[in-house]
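J.:
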Amino acid sequence: MSDVPREESRPMQPAGESPGHRPAPAEKGPSRAVAPWVRTRLRAAPGAAAGLALLVLVTALLAAAVPRVIDAYETEGLRHGIRTASAPTSVLEITSLLGVTETGGKLRPASLEADQDTLRSLLPAPLRTVPEQSSYGLRTTQRVVGLDPWLPMPSKVPPQFTLASPSDLDAHATLREGRMPAGDPERPEAVVTAETAEKLRIRAGSVVHVPSVSGSPVAFTVTGVVAPREPARPYWAVEPLLRTPLLARVPDPLQVKYQWQAALLVSPRSAPALLSTLGAPEVFWRFPPASGHLTAADGDPLAAALDSVAAGPTMVGIREVAGDDAWVSTGLDELVDAYRETRDVISPVVAVAVFGIGAVAVVVVAMTGGLFLSRRDAELTLLRARGASLPGIGLRLLGETAAVTAPAALLGLAAAVALVRGPDTPGAPDLTGSAPLLPSVLGAALVALVAALVLPALAVLRHRRIRLHGAREDMVDAKPSRRRLVVELTALVLAAGAIGSLRLRGTSDSGDHLVSAAPVLVGVIAAFLLVRLQPLPLRRLARPARRMRGAVGPLAIARAGRASSTGVLPLLALVLALTTAAFGGSVLAGVAEARDRAALLSTGSDIRVEGTTEGVPVTPEVVEAVRGTKGVREAQPVQVEYGLELPSPIATDQPMSSALVAVDPAAYARLAARTDNGAFPAELLASTGKGGPEAVGDTDRVLPALASPDVAARLGGRAMLLNAAAGAFHVKVVAVRDSTPAVRGENFLVVNAADVTNRRTTVALATGTADGPALRAAVAGKAKDLAVTLRSETRGSYVDSPLQSGAEGLYAGAIGAGAAYAAVAVLLSLTRSGPERATLLARLRTMGLTRAQGRRLLGLEALPPAVFAALGGALAGWATVPLLAPGVDLHRLALATAEGGTALGGTRLRADPWSLVLPAVAVVLLTGAAAGVQAWWTGRRSSVKELRAGDAR
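Mapped onto the numbering used here, the consecutive letters of the sequence shown carry residue numbers 536 to 1488.
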């Protein structure tokens, strides 16, 4: 399998014979058994066998680990989306309206519980629920007014109550005061939470009256006060009003009014009393979804199950149990659809990295087979000359390689299963988690098969005809065949088709592997082109190099121009590795750039300070506190007024609102230019000199304004009167910008703060890299109702899905693996040419070449192919990015929320200079270093062995 001593590399002789010797006379007794071919060859070259086993083990580990990694982060992405969703969004709720003539038998707790069990059994797999968080009961769909005068009325508006009778209240609440409710429909009882009791001054023993359909109020006796257990869990979180009262604003066009909204938790035995109220009661069954059992393969079946529940066969069964007017409401289908859409968009982008690293691995494995073949070429040639058949040679070589690759692939598979476990799943084996084994087994088996077949296939192809010993095999003599031309043209057609398909359709079809292989095909075409072009410039350099002093330079260039034709595989491996690294680095750089941009557009600056509710002022003391925080370079106050009604030149236009932004033009223009967010010349917003309190009543003033496109189209080119909290004045649009730092994704008008009548800072925008806790402490020391938003924290919020982080990690791993395989390709290439170069150096040493000159010769000879590979890989990577960019949208991979992506208008792929230059330079440096070490070691060895008489090397 590798380079072995001449005595051991002779062709195998018949049993009991050796070259040049006659068979010994037969001895009496049993004959001596001949050692098996495979064992003999492996013992003859243990180092080569170990090297092949190591390469196969690592490659099989990667091939088996990749599907497990993809399955793991897709599984965790599905579970994460359901687990982290808000309870009102994810819970599946079945409701059925009740009338005043409804009998109480159906509303008994036992009947509702039986219906709950039946409904749960109807839910199709893989949809499962969490029984301990499920609930059922009655509730009012409309809030009813509390009629008691002792209830708090902030704006002389009586409070409103939601009446609900959730099941298993004892298991989900702790009694703080009084007792749990019992009662009956004639004497209904209820409890309230501690927060409700505190805000509405309700105690154990209080009686709350609500209106009824008969005219006589229904009295609910409050028997106790409870505290929710696990208030963040679905039982309480689906309807937050059950645990926490709300001071809500009452719709009133004349004045601002508020009223309390709260809930009374009615006893299930008293639930029929809700039929007598004006609350339009309904019966409900709530089923929080379970996610721990789901895997990546359950995404599509789960969507189909939810479709069946919403409007399919399952809905028919639900209505047979819950009533003909039963309705199912849930946001779980939207969560699953979002997951599937993100997965389908990310998968083709990830497949590009998988195809790239897979292609490089295949080429490196093929190079290993080529190395073994070159070391045993003389042996196989002699075997063929003595009558050995091609099938016989192929089967013997297959036995050798299979004995090494099969155990190594099995060990790689075991290592991948042990190291990469899927998320824990109930019922799954502890060793594998939720990740399926079949893709990993197939990947490892494919690696073993390729590694085992490379050497026999190459040997059969190379020795299908009797070859002359010592025939020339460099690029000068080797002429491209018609078959090679057909292969190259086929690859060119496939690459053109893949690129065209990707540019036209994008990555919408996750099963289109030709599209995912587009960068690999581009790299293959580049490698084929380089192989044809590489000798040309070296030949042109050979003539002027002859005028150089000394023989090292001209000889190195001449030998590089006549490099072995077997250098196609190393060149292909390097070009593919560099193309994959360039594309993958551009993807990661594009994702990082998109997140930085989205975070900047969201916050408007590095730091944003504004009120937790609209209208909270940011005082000058707060602005000074922000400026004084370590790391803050500049802070400027901004006045933002939301919801400003815009006038229209046409009376029939629909109402339109906008945000009015009052700024210091000079500072704000610097910020807009630095963030590349609606930059404008500060002179556009020059002051009219008529602002401040003294300008009150002067509505004839015309303020120049910067506007968003919709606002500019609304106002036109005329001065229009605005009646805002900042004052009454005319504005005229002088410039249009798509965005501005002060507001996010809204219509806006930006004016000079010096010209407004009522100056009131509501936002502070600052630049710098301040520490978040220190900045918040400084702001909190001046005001309590202000929120501090950092761009760095906002950027982190865009990575909230394991789908994103998993895909990014896989891309980074693919780049690293590609770099490792590129290094192996360089070393294999130098190792293959080592014996021939050592012989050359020994012969030149006899002609007077010094040891130092020999080292320089070997080092310089290896650099031109490396330089060509580096340039070709960098150019192929640079060409791949713009060719494929129109079909690759990184929005889903970069941003977890739609807000940033909307502001960006999509995330496009752009070439990353560092990803193009650094890998290419690294390849040249690695080749130079490896060639230098090889030259140093070769120079130390004796030349006697290389110059033995009769050696044809």
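By construction, the Cβ of each residue, glycine as well, lies at the ideal position given by its N, Cα and C atoms.
Bear in mind that the values here come from a model prediction, so they are computed numbers and not experimental data.
#1: Here's the rule I'm using: 16 or more other beta-carbon atoms within 10 Å means buried, otherwise exposed. How should ASN1258 be labelled?
#2: Is there contact here, the segment 835-849 with the segment 1298-1311, by at least three beta-carbon pairs under 8 Å?
#3: Taking the alpha carbon of SER1450 as the point to measure from, which residue in LEU1428, ALA1414, TRP1471 and GLN1469 has its own alpha carbon closest?
#4: Quick one: Cα of ARG1143 to Cα of SER1332, how far?
#5: Suppose only complete runs of 3+ residues qualify. What are the beta strand (DSSP E) ranges in the segment 731-813, listed by chain order?
#6: Taking only the alpha-carbon atoms, compute the straight-line gap between VAL1468 and ALA1397 and give it to the nearest angstrom.
#7: Considering Cα atoms alone, identify which of ALA1116, ARG1130 and ALA783 is closest to ALA894.
#8: With 8 Å as the threshold, decide whether the Cβ of LEU1392 is near any Cβ in chain C.
#9: Taking just the CA atoms, how far does VAL1266 sit from VAL1237?
#10: Going straight from the alpha carbon of ALA708 to that of GLY681, what length do you get?
#11: Inspect the CB distances between the segment 1371-1390 and the segment 921-937 and report whether three or more fall short of 8 Å.
#12: Write down the C-beta distance between ALA1240 and VAL1285 rounded to the nearest angstrom, noting that I regard them as a contact closer than 8 Å.
#13: Where does the unbroken beta strand (DSSP E) through THR709 begin, and where does it stop?
#14: Report the rounded CA-to-CA distance for VAL727 versus SER805, giving the unit in angstroms.
#15: Please return the same chain residues whose Cβ sits closer than 8 Å to the Cβ of ALA699, not counting the five positions on each side in sequence.
#16: If you check the beta carbons only, do ALA1201 and VAL1175 fall under 8 Å apart?
#17: What three-state label does DSSP hand LEU1257 in the structure shown?
#18: Give the straight-line distance between the Cα atoms of LEU1345 and ALA599, rounded to the nearest whole angstrom.
#19: Please return the same chain residues whose Cβ sits closer than 6 Å to the Cβ of LEU662, not counting the five positions on each side in sequence.
#20: At which residue ranges does the segment 567-615 contain complete alpha helix (DSSP H) runs of 4 or more residues, listed in the order of the chain?
#21: Rounded C-beta distance between ILE853 and ILE629? I'm assuming under 8 Å.
#22: Between the Cα of VAL601 and those of GLY586, ALA725 and GLY891, spot the shortest distance and give me the residue it belongs to.
#23: Rank ALA1347, ALA941, ALA953 and PRO971 by C-alpha distance to the C-alpha of VAL982 and give the top, closest one.
#24: Determine, using beta-carbon pairs with one atom in the segment 899-918 and one in the segment 576-595, whether at least three such pairs fall under 8 Å.
#25: Could you tell me whether the segment 862-869 touches the segment 616-628, where touching means 3 or more Cβ pairs closer than 8 Å?
#26: Since I believe VAL1110 is in contact with ALA1062 (beta carbons under 8 Å), could you give me their beta-carbon distance rounded to a whole number of angstroms?
#27: In terms of residues, what are the limits of the alpha helix (DSSP H) holding LEU973?
#28: Only counting the same chain, and skipping five residues up and downstream in sequence, which positions put a Cβ closer than 6 Å to that of ALA1470?
#29: From LEU1352 to LEU596, what distance separates their C-alpha atoms?
#30: Tell me the DSSP bridge mates of TYR671?
#31: For ASN1212, which residues in the same chain have their Cβ closer than 6 Å to its Cβ, ignoring the five residues on either side in sequence?
#32: Does the structure place the segment 1418-1430 close enough to the segment 1114-1128 that three or more beta carbon pairs sit under 8 Å?
#33: Comparing alpha-carbon positions, which option in VAL898, ASP1306, THR1210 and SER1051 lies nearest VAL884?
#34: Quick check: what's the CA-CA separation for SER1140 versus ALA1354?
#35: Let me check understanding here. Comparing Cα to Cα, which of ARG1018, ALA649 and ALA1053 lies closest to GLY1035?
#36: Quick check on ALA1052: does DSSP put it in helix, strand or coil?
T.: Quick look at the numbers:
#1: Locating residue 1258 in the sequence shown gives position 723, counting from the first residue. That one is exposed.
#2: no
#3: As a first step, residue 1450 is located in the sequence shown; it is residue number 915 there, counting from the start. Of the candidates LEU1428, ALA1414, TRP1471 and GLN1469, the one whose C-alpha sits nearest the C-alpha of SER1450 is ALA1414.
#4: Along the sequence shown, read from residue 1 onward, the residue named residue 1143 stands at position 608. Along the sequence shown, read from residue 1 onward, the residue named residue 1332 stands at position 797. ARG1143 and SER1332: Cα-Cα distance of roughly 16 Å.
#5: 742-745, 753-763, 781-785 and 792-801
#6: For the purposes of this step, residue 1468 is identified with residue 933 of the sequence shown, where counting begins at 1. For the purposes of this step, residue 1397 is identified with residue 862 of the sequence shown, where counting begins at 1. Rounded to whole angstroms, VAL1468 to ALA1397 spans 12 Å at the Cα level.
#7: For the purposes of this step, residue 894 is taken as the residue at position 359 of the sequence shown. When each option's Cα is compared against that of ALA894, the closest is ALA1116.
#8: The structure shown contains no chain C, having only a single protein chain.
#9: Sequence index remark: in the sequence shown, residue 1237 carries index 702 (1-based). Sequence index remark: in the sequence shown, residue 1266 carries index 731 (1-based). VAL1237 and VAL1266: Cα-Cα distance of roughly 5 Å.
#10: On the sequence shown, residue 708 is found 173 positions in, with the first residue counted as 1. On the sequence shown, residue 681 is found 146 positions in, with the first residue counted as 1. About 24 Å.
#11: no
#12: Taking the sequence shown and counting its residues from 1, one reaches residue 1240 at position 705. Taking the sequence shown and counting its residues from 1, one reaches residue 1285 at position 750. Yes, they are in contact, since the Cβ atoms of ALA1240 and VAL1285 sit about 6 Å apart, within 8 Å.
#13: Counting from one through the sequence shown, the residue named residue 709 turns up at place 174. From DSSP, the beta strand (DSSP E) with THR709 extends over 708-713.
#14: Residue mapping note: residue 727 aligns to position 192 of the sequence shown, counting from 1. Residue mapping note: residue 805 aligns to position 270 of the sequence shown, counting from 1. Those two C-alpha atoms are separated by around 15 Å.
#15: Taking the first residue of the sequence shown as 1, we reach residue 699 at position 164. Around ALA699: GLY672, LEU673, ARG674, THR675, GLU774, LEU777, ALA798, LEU799, LEU800 and VAL801.
#16: The count along the sequence shown starts at 1 and reaches residue 1201 at position 666. The count along the sequence shown starts at 1 and reaches residue 1175 at position 640. No.
#17: Position 722 of the sequence shown, counted from the first residue, corresponds to residue 1257. Strand at LEU1257.
#18: Here residue 1345 refers to the residue found at position 810 of the sequence shown. Here residue 599 refers to the residue found at position 64 of the sequence shown. Computed Cα separation, rounded: 13 Å.
#19: The sequence position of residue 662 within the sequence shown is 127, counting from 1. Contacts found: ALA840.
#20: 572-579
#21: As a working mapping, residue 853 is identified with position 318 in the sequence shown. As a working mapping, residue 629 is identified with position 94 in the sequence shown. Correct: roughly 6 Å between the Cβ atoms.
#22: Stepping through the sequence shown from its first residue, residue 601 is reached at position 66. Among GLY586, ALA725 and GLY891, the Cα nearest to that of VAL601 is on GLY891.
#23: Here residue 982 refers to the residue found at position 447 when the sequence shown is read from its first residue. Here the closest residue by C-alpha is ALA941.
#24: yes
#25: yes
#26: Stepping through the sequence shown from its first residue, residue 1062 is reached at position 527. Stepping through the sequence shown from its first residue, residue 1110 is reached at position 575. Rounded, the Cβ-Cβ distance is 4 Å, consistent with contact.
#27: Residue numbering aside, residue 973 sits at position 438 when the sequence shown is read from its first letter. Looking at the DSSP string, the run of the alpha helix (DSSP H) that includes LEU973 is 973-997.
#28: If you number the sequence shown from 1, residue 1470 lands on position 935. So the list reads ARG1390, LEU1393 and GLY1394, once near-sequence residues are dropped.
#29: The residue labelled residue 1352 in the question sits at position 817 within the sequence shown. The residue labelled residue 596 in the question sits at position 61 within the sequence shown. First, the amino acid is wrong: residue 1352 is Ala here, not Leu. The alpha-carbon atoms of ALA1352 and LEU596 are separated by roughly 12 Å.
#30: As a position in the sequence shown, residue 671 is number 136, starting the count at 1. The partner list for TYR671 (beta bridge, DSSP) reads TRP820.
#31: In the sequence shown, the residue the question calls residue 1212 occupies position 677. Taken in chain order, the residues that qualify are SER1274 and PRO1276.
#32: yes
#33: Translated into positions along the sequence shown, residue 884 becomes position 349. Cα-wise, what sits closest to VAL884 is SER1051.
#34: Numbered from 1 along the sequence shown, position 605 holds the residue referred to as residue 1140. Numbered from 1 along the sequence shown, position 819 holds the residue referred to as residue 1354. C-alpha separation (whole angstroms): 38 Å.
#35: The count along the sequence shown starts at 1 and reaches residue 1035 at position 500. If we check each option's Cα against that of GLY1035, ALA1053 comes out closest.
#36: By 1-based counting over the sequence shown, the position of residue 1052 is 517. Coil at ALA1052, not helix or strand.
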